[in-house]
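Peer 1: Starting off with a structure, shown below.
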């Protein structure tokens, strides 16, 4: 849940900072935006991995 939230926020901030970085060519904002986008995607991937792992955990439990 936290990883999903962090991923959404990081991707949104990456897009916002990237738009400001387009105005300032050659500045560090584009690298920062790219880093935020990559961080957001990694966080979303980790959240997906945890969700799948959690589903398999409940699926493999014997029914009583």
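Residue numbers (the numbering used here): 2 to 65.
The beta-carbon is built from N, C-alpha and C at its ideal position, and this holds for glycine as well.
Note that the coordinates shown come from a computational prediction; the quantities given were computed from them, not determined experimentally.
1. Note down the Cα distance separating residue 21 from residue 59, rounded to an integer number of angstroms.
2. In three-state DSSP terms, what is residue 28?
3. Is the beta carbon of residue 40 sitting closer than 8 Å to the one on residue 18?
4. Use the C-beta contact count for residue 49: other C-beta atoms within 10 angstroms, 16 or more gives buried, fewer gives exposed.
Peer 2: On the basis of the coordinates in this document:
1. Position 20 of the chain shown, counted from the start, is the residue given in the question as residue 21. Position 58 of the chain shown, counted from the start, is the residue given in the question as residue 59. The alpha-carbon atoms of residue 21 and residue 59 are separated by roughly 45 Å.
2. As a working mapping, residue 28 is identified with position 27 in the chain shown. Here residue 28 sits in coil by DSSP.
3. Here the question's residue 40 lines up with position 39 in the chain shown. Here the question's residue 18 lines up with position 17 in the chain shown. No, these two residues do not count as a Cβ contact at 8 Å.
4. As a working note, residue 49 is residue 48 in the chain shown. Exposed, because fewer than 16 other Cβ atoms sit within 10 Å of the Cβ of residue 49.
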